[in-house]
Amino acid sequence: MTIGIAFIGAGLFIKDYHLPGVQASPDLELKAVYSRSLESAASIAPDQHIDRYADNADQGLDQLLARNDIQAVIIALPIANQAHYVRAALTAGKHVLSEKPIAKDLSEATALLDWYRTTILPKGTIWSVAENYRYFDTLRHGRAQMHRLGRIRQFRTQVYFDCRPGRFVYWPFFELAWRQQPEHQGGAVLDIGVHHAAAMRYLLGKGERITQVSAFVGSFADALPPVDTVDAMLRTESGAQGTFQLSGCSSLKEGGWTVVGENGHLQANDDMVVLNLDEQEESKTLPLEKLAVVNEIQAWGEALVSGQLKPEQRPEEALADLEVIELILKSGAENGAPQATRYQ
Numbered sequence: 001m002t003i004g005i006a007f008i009g010a011g012l013f014i015k016d017y018h019l020p021g022v023q024a025s026p027d028l029e030l031k032a033v034y035s036r037s038l039e040s041a042a043s044i045a046p047d048q049h050i051d052r053y054a055d056n057a058d059q060g061l062d063q064l065l066a067r068n069d070i071q072a073v074i075i076a077l078p079i080a081n082q083a084h085y086v087r088a089a090l091t092a093g094k095h096v097l098s099e100k101p102i103a104k105d106l107s108e109a110t111a112l113l114d115w116y117r118t119t120i121l122p123k124g125t126i127w128s129v130a131e132n133y134r135y136f137d138t139l140r141h142g143r144a145q146m147h148r149l150g151r152i153r154q155f156r157t158q159v160y161f162d163c164r165p166g167r168f169v170y171w172p173f174f175e176l177a178w179r180q181q182p183e184h185q186g187g188a189v190l191d192i193g194v195h196h197a198a199a200m201r202y203l204l205g206k207g208e209r210i211t212q213v214s215a216f217v218g219s220f221a222d223a224l225p226p227v228d229t230v231d232a233m234l235r236t237e238s239g240a241q242g243t244f245q246l247s248g249c250s251s252l253k254e255g256g257w258t259v260v261g262e263n264g265h266l267q268a269n270d271d272m273v274v275l276n277l278d279e280q281e282e283s284k285t286l287p288l289e290k291l292a293v294v295n296e297i298q299a300w301g302e303a304l305v306s307g308q309l310k311p312e313q314r315p316e317e318a319l320a321d322l323e324v325i326e327l328i329l330k331s332g333a334e335n336g337a338p339q340a341t342r343y344q
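Here the UniProt record's numbering is used: the first residue of the sequence shown is 1, the next is one more, and so on.
Laid out in structure tokens, this is it:
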């Protein structure tokens, strides 16, 4: 028996990534789409006989959430707006997969999570937060090899892209008004950076909990306000230290994650993992398909069927991801002042 779901949101990411993910899942059946405009809702799977809800139509969000044949929703909306819809869907008894980040800031995120734990979770309703980077095959393989490195000494995250129109493969996602005039902290540094913070944390694992962050941030281009560049230093509770570098106005192309241990080092990017132990190299190519969103949504469907939340989709993990980026931004605003973590 499949689970009836609906999309809340009808943007490019829903169309290009969530829709194929739902279509590939044996556990999920798309029944409806909600958007602010009926025209936008109609743009999702136009050849399918699904119901469309909109603010400018006869039936809107309340009517969608009242349907008994829709048990779950996927929410992908502008960051500043999303928490309101997460709360509404959970209140209506719907399981939720909401896009990262968990909320626009730690204050909103912790309030939402506390409310969920006390009011919604006891009823058995599952809130998952999407983070597709945790489903990259390269990162999953790399994480499985981490024990071979021995004690971790250093780690590095590098994110480079040129945000000028025509030079950035994902530019269509960033020419949207809510990204060009962001109401959320950090603009693209939050929007993109939270992915890479999640990947870094996932690769390091629970044994390397981040405890301290110090950073400088800057703006060197006009395309992605308010800041587009980060250089941060991080320390874990074991004493390992690392860097997090992100630039949205860089001619550099290569990026990814590097971890150095007492026995060697591991390097990973979107489609390759290289493990070097005692100067013996092992490499594995793992092509990235649809940004791993298909795998992510399949895992969510399995979680709904089993009633067991996937560890990779726990809201607490998303809170920790957000904290890394928020503290980077806070440290940058305070001229590099060290910031201690609370939610790792």
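All residues carry an ideal CB built from backbone N, CA and C; glycine is no exception.
Nothing here was measured: the structure is a model prediction, and the numbers come from that model.
Just to confirm my understanding: we take residue 197, look at its own chain, exclude 5 residues before and 5 after, and list those with CB closer than 6 angstroms. What are they? Here the question's residue 197 lines up with position 197 in the sequence shown. 321, 324 and 325, listed in sequence order.
Per DSSP, the bridge partner or partners of residue 3: Along the sequence shown, one-based indexing puts residue 3 at 3. The bridge partners DSSP lists for residue 3 are 28.
Hey, out of 268, 26, 242 and 263, whose CA is closest to residue 257's CA? Here the question's residue 257 lines up with position 257 in the sequence shown. The candidate whose alpha carbon is nearest that of residue 257 is 268.
Note down, in chain order, each residue of its chain lying with its Cβ closer than 7 angstroms to the Cβ of residue 63, except the 5 sequence neighbours on either side. The count along the sequence shown starts at 1 and reaches residue 63 at position 63. A distance below 7 angstroms between beta-carbons, with the five flanking residues on each side excluded, links residue 63 to the following residues of its chain, in chain order: 53.
Please confirm if the stretch 171-184 is in contact with the stretch 283-295, defined as three or more CB-CB distances below 8 angstroms between the two stretches. Counting C-beta pairs closer than 8 angstroms gives fewer than three between the stretch 171-184 and the stretch 283-295, which falls short of the contact rule.
Inter-residue Cα distance where the pair is residue 5 and residue 308: The residue you call residue 5 lines up with position 5 of the sequence shown. The residue you call residue 308 lines up with position 308 of the sequence shown. Rounded to whole angstroms, residue 5 and residue 308 show a C-alpha spacing of 18 angstroms.
With residue 317 as the anchor, note down where its alpha helix (DSSP H) starts and where it stops. On the sequence shown, residue 317 is found 317 positions in, with the first residue counted as 1. Per DSSP, residue 317 belongs to the alpha helix (DSSP H) from 315-333.
For a quick check, are the C-beta atoms of residue 50 and residue 19 less than 7 angstroms apart? Residue numbering aside, residue 50 sits at position 50 when the sequence shown is read from its first letter. Residue numbering aside, residue 19 sits at position 19 when the sequence shown is read from its first letter. Not closer than 7 angstroms, so no.
Using the rule of at least 16 other Cβ atoms within 10 Å of the residue's Cβ for burial, across every protein chain shown, is residue 161 buried or exposed? By one-based count along the sequence shown, residue 161 stands at place 161. Burial check for residue 161: the Cβ neighbour count within 10 Å reaches 16 or more, so the residue is buried.
Is the number of C-beta pairs between the stretch 182-189 and the stretch 222-229 that are closer than 8 angstroms three or more? Contact between the stretch 182-189 and the stretch 222-229 is present, because at least three Cβ pairs lie under 8 angstroms.
Would you call the stretch 263-279 in contact with the stretch 145-164, where contact means no fewer than 3 C-beta pairs closer than 8 angstroms? Because the criterion of three Cβ pairs below 8 angstroms is met, the stretch 263-279 and the stretch 145-164 touch.
Between the Cα of residue 122 and those of 317, 99 and 91, spot the shortest distance and give me the residue it belongs to. Along the sequence shown, read from residue 1 onward, the residue named residue 122 stands at position 122. Nearest C-alpha to residue 122: 91.
Label residue 245 either buried or exposed according to how many other C-beta atoms from any shown protein chain fall within 10 Å of its C-beta, with 16 as the threshold for buried. Residue 245 sits at position 245 when you count from the first residue of the sequence shown. Flag for residue 245 reads buried.
For a quick check, are the C-beta atoms of residue 412 and residue 240 less than 7 angstroms apart? The chain is shown only over 1 to 344; residue 412 falls outside these bounds and no answer can be derived.
Buried or exposed: which applies to residue 218, given that a residue is buried once 16 or more other Cβ atoms fall within 10 Å of its Cβ? Within the sequence shown, the letter at position 218 stands for residue 218. When all chains shown are included, residue 218 counts as exposed.
Helix, strand or coil, according to DSSP, for residue 341 in the structure here? For the purposes of this step, residue 341 is taken as residue 341 along the sequence shown, with counting starting at 1. Collapsing the DSSP output to three states places residue 341 in coil.
With distances taken between CB atoms, is the gap from residue 75 to residue 98 smaller than 7 angstroms? If you number the sequence shown from 1, residue 75 lands on position 75. If you number the sequence shown from 1, residue 98 lands on position 98. Contact: yes.
If we ignore side chains and look at the alpha-carbon of each, how far apart do residue 48 and residue 2 end up? As a first step, residue 48 must be located in the sequence shown, where it is residue number 48. As a first step, residue 2 must be located in the sequence shown, where it is residue number 2. If you draw a straight line from the Cα of residue 48 to the Cα of residue 2, it is about 17 angstroms long.
Coil, strand or helix - residue 258 by DSSP: The residue you call residue 258 lines up with position 258 of the sequence shown. Secondary structure at residue 258: strand, using DSSP grouped into helix, strand and coil.
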